[in-house]
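What the sequence shown shows, in numbering that gives the first Met the number 0, is residues 0 to 547, in sequence order. Let me begin by presenting the structure, written as structure tokens, before commenting on it.
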Amino acid sequence: MRASYRGFPSNHHCRHRGRWIGRFALSLALCLVSFHFIICHASSPVPPSSSMVVRLRLADGSMERIQIAEGKEEAMTLEDVLQQFELADDATVKVGNQVVEKLGGGCTLRELGIQHGSIITVVAKSAPKTESSVSRVAKAKQESAKAWNPYPDLAKDYSKALLKTKTRRSTQSGMSYGDIAHLQSSLHMVDPQKEGPLKRVYMCRLSAERFHNNGIVQKKGKSKPDISCRCGLLLGTIQKERVDQHRPKKARTSLSSTTSDSEYCTVAKVQAVWEPPGQSPSKDGMLYDANAGQALLTKYPRVLAIAEKLGLVPMGWIFSYRDSRLEENYDKKDRNEQDHEPQALLGMDVATGAVLQSHNMKQLGRSEGNKFVTLAMDAATGATEAFQLSDVTVQMVHENMFENLVPPPQPPSNSSQKNNPPIVTTKHAVLVDGRETTQLESVLCLVNTAMLSHEGNFAGKTSSSTVKKSNGSLTIKVQKALLKALDSDDRAIFEELCDFNVLMALDQSLSPTDMDTLCGLVKKWARGQKQGTTLDSKLKLQLKSVLV
0 MRASYRGFPS NHHCRHRGRW IGRFALSLAL CLVSFHFIIC HASSPVPPSS
50 SMVVRLRLAD GSMERIQIAE GKEEAMTLED VLQQFELADD ATVKVGNQVV
100 EKLGGGCTLR ELGIQHGSII TVVAKSAPKT ESSVSRVAKA KQESAKAWNP
150 YPDLAKDYSK ALLKTKTRRS TQSGMSYGDI AHLQSSLHMV DPQKEGPLKR
200 VYMCRLSAER FHNNGIVQKK GKSKPDISCR CGLLLGTIQK ERVDQHRPKK
250 ARTSLSSTTS DSEYCTVAKV QAVWEPPGQS PSKDGMLYDA NAGQALLTKY
300 PRVLAIAEKL GLVPMGWIFS YRDSRLEENY DKKDRNEQDH EPQALLGMDV
350 ATGAVLQSHN MKQLGRSEGN KFVTLAMDAA TGATEAFQLS DVTVQMVHEN
400 MFENLVPPPQ PPSNSSQKNN PPIVTTKHAV LVDGRETTQL ESVLCLVNTA
450 MLSHEGNFAG KTSSSTVKKS NGSLTIKVQK ALLKALDSDD RAIFEELCDF
500 NVLMALDQSL SPTDMDTLCG LVKKWARGQK QGTTLDSKLK LQLKSVLV
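Set out below in structure tokens:
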């Protein structure tokens, strides 16, 4: 039996320990060899590269990678490297932290210290803010803060938003979704407007007939009269009246009020129409004098002064139009085709009405001046339609969004289609049905308005013209009628004087004091205060002296 002692290992353990020591020695030798190889490789020189790479940062922030062949840095200049990017001759360039003027001034890349991995930066130029430019910017900010808008909530500044976006893009590679949304929010949204400030308008029957007759001239030797288009200012009053309600009758008691459940609406009543003298319609007779139309509230201050003395306010304008397509079918009109007839208001009409309403709102206030109507009369038949303009249209015209319509082009084109287009071209895009477009149909700018008839207080007795169309002076017939009335009672003279056009003609000859007295008496008579309203002898003598 084989005996073993605890103090001495067996042969099996000795063999196992020997193999372990051999493996450890081999691993250690391999590590030493690898470490020696790494040290030798790191200490050996790097072979020269075949090309040099330089990076260029442009003014807009983009990076370009430029590869230069070996040895070229001693011959190439900075201008040669940047020639492909078409920089300005006075562009400022930085190499590292050093500023290089005039694209290096002909120095080579090595002389400028440009080597492999260098970064060249093109510095974006900013306009120097001198004292004068700073003051101009401050003044522009003050003017923009004080800028008046007919509808401030609808005011847009697309140019400012576009400039701001372009400034951001100078440091970015493209537009973000936020930039696109900001630009789109700066566009006017044109949607049909259902209602305007006025529920309906009452047009003076005598004034409408006179306006229509003034555009028709029957010349000798011609079977058909000459028809010309005209424009005029509507003067009247703004009132409240009940809205007709189609409701079932309610049970009432003796304590019930007949007006307790009545609703009221705002209406306009035309009391007189004033036409500016010396109008010049287009050569083809299809368009009124647009310059006279847009100047109705600015060129004739005495009209507004006399109207104020009579208790009248500007509440709209009227124009006549001709359409050759419509005239050809006067005798053979088919009711089924009436829906396809040309519309009454086109681009120039919309622009003129918006200019007048914007000025009226500035003079009378936004809440009162926005009650403004546009009446379109067919110059041949006298058929008249009433419209109001949408709020966004007035704001767009105030911002001068329409091309070649405000002010009207000078000289006007021979074609009324060019002067008064049915589709308006805008200076930048607007949103119609969620789509951007620069072609705006004028029908989207209109608000249909109901129109009724009445007789104005300052329209005169007849529909015949009382003043000359050339200069606004009284006709011979009216002068004789006034002289005859002065020799009779006060009733006859006041019936002749209750004509706004007659008062405007007398204003050319009478003094301001006499006109104040005369307008006050005419106003009382027109309101029904006839008892005790008389002309004194001095005023009668003044009237006779200017009429003879």
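Idealized CB from N, CA, C, for every residue including glycine.
In this structure the stretch 288–297 does not lie against the stretch 480–498, because fewer than three pairs of beta carbons, one per stretch, are closer than 8 Å.
Judged by DSSP secondary structure, Arg241 falls within the beta strand (DSSP E) whose first and last residues are Cys230 to Arg241.
One Cα belongs to Leu505, the other to Pro191, and the distance between them is close to 45 Å.
Looking at Glu85, Arg209 and Thr252, the one whose alpha-carbon comes closest to that of Ser462 is Arg209. One thing to note: Phe401 has its Cβ no nearer than 8 Å to the Cβ of Val446. For the pair of segments examined, the stretch 106–124 was found to touch the stretch 68–77: the number of CB pairs separated by less than 8 Å reaches three. Less than 8 Å divides the Cβ of Ala271 from the Cβ of Phe499.
Cβ-Cβ distances below 8 Å link Ile67 to Ser50, Met51, Val52, Val53, Met75, Val80 and Leu108 in the same chain, with the five nearest sequence neighbours on each side left out; the list follows chain order. DSSP places Gly292 inside the alpha helix (DSSP H), whose first and last residues are Ala289 to Gln293. One Cα belongs to Ala353, the other to Leu388, and the distance between them is close to 7 Å. Along the length of the stretch 392–437, whole beta strand (DSSP E) runs at least 3 residues long occupy 422–431, reported in chain order.
In the three-state reduction of the DSSP assignment, Asp377 falls in the strand class, which pools E and B. Residue environment analysis places Gly368 among the buried positions, since at least 16 neighbouring C-beta atoms fall within 10 angstroms of its C-beta.
Restricting attention to Leu485, Ser510 and Val429, the CA atom closest to the CA of Met188 is found in Val429.
Just measuring C-alpha positions, the residue of Leu234, Gly527, Val216 and Pro276 sitting nearest Ser206 is Leu234. Per DSSP, the continuous beta strand (DSSP E) segment holding Glu63 begins and ends at Met62 to Ala68.
Inclusion of Val302 and Met503 in the CB contact set at 8 Å is warranted, their separation being smaller than that value. Annotation for Phe318: the continuous beta strand (DSSP E) segment containing it runs Val312 to Tyr320. With a 10 Å radius around the Cβ and a threshold of 16 neighbouring Cβ atoms, Asp432 comes out exposed. When DSSP reads this structure, Leu55 sits in a beta bridge with Glu63 and Ile119.
For Val200 and Val501, the gap between their C-alpha atoms comes out near 24 Å. The alpha-carbon of Lys308 is positioned some 21 Å away from that of Leu473. Separation of the CB atoms of Ala267 and Met314 is rounded to 5 Å, and the pair is thereby assigned contact status at 8 Å. Spanning the alpha carbons of Gly519 and Thr533 requires a straight line of approximately 11 Å. Beta-bridge analysis with DSSP links Ser452 to Met202. Beyond the five residues adjoining it in sequence on each side, Gln217 comes within less than 6 Å, by CB distance, of Pro224 in the same chain, given in chain order.
If you draw a straight line from the Cα of His397 to the Cα of Val312, it is about 21 Å long. In the displayed model, Ile475 falls within a helix according to three-state DSSP. Where Cys264 is concerned, the enclosing beta strand (DSSP E) starts and stops at Tyr263 to Trp273. Membership of Gln362 in the alpha helix (DSSP H) is indicated by the continuous run Gly346 to Leu363. Relative to the Cα of Tyr150, the nearest Cα in the group Leu404, Thr436 and Asp390 belongs to Asp390. The three-state secondary structure of Glu440, taken from DSSP, is strand. Distance from the CA of Lys529 to the CA of Phe371, rounded to the nearest whole angstrom, comes to 31 Å. Closest in alpha carbon position to Lys460, among Glu435, Glu194, Val477 and Ala449, is Val477. The secondary-structure analysis by DSSP pairs Thr107 across a beta bridge with Thr76.
Its Cα nearest to that of Ile118, the residue Leu55 stands out among Val99, Leu55 and Phe84.
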